[in-house]
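So the sequence shown is residues 1 to 62, counted in the UniProt record's numbering. Ideal Cβ positions, reconstructed from N, Cα and C, are used throughout, including at glycine.
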Amino acid sequence: MAKKALYVEIIRPPVIEPFGFPIQVQDSGRTQVTCSISSGDLPIKVSWTKDGRSIANNLNVG
1 MAKKALYVEI IRPPVIEPFG FPIQVQDSGR TQVTCSISSG DLPIKVSWTK DGRSIANNLN
61 VG
């Protein structure tokens, strides 16, 4: 009789709570967007992009 050990890792994708962007922001105006994740397996990494390029927190993106 043969035996074999098996390791199984269940990975649940993160669930991102709905959020939106303001309809209008004046030129040189400020806005804030918050991303909240309610569940999912760790580690979870969040990154923001604009036009396909990464942006940092608290950065003027223009």
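In the pairwise beta carbon analysis, the segment 2–15 is classified as touching the segment 37–47: at least three pairs are separated by under 8 Å.
DSSP, read as helix, strand or coil, puts K3 in coil. In the structure shown, K45 adopts coil according to DSSP, grouped into three states. In this structure, the straight-line span from the alpha carbon of R30 to that of F21 is close to 12 Å. Within the same chain, P14 and I37 come within 8 Å of I44 by CB-CB distance, once the 5 residues on both sides are set aside.
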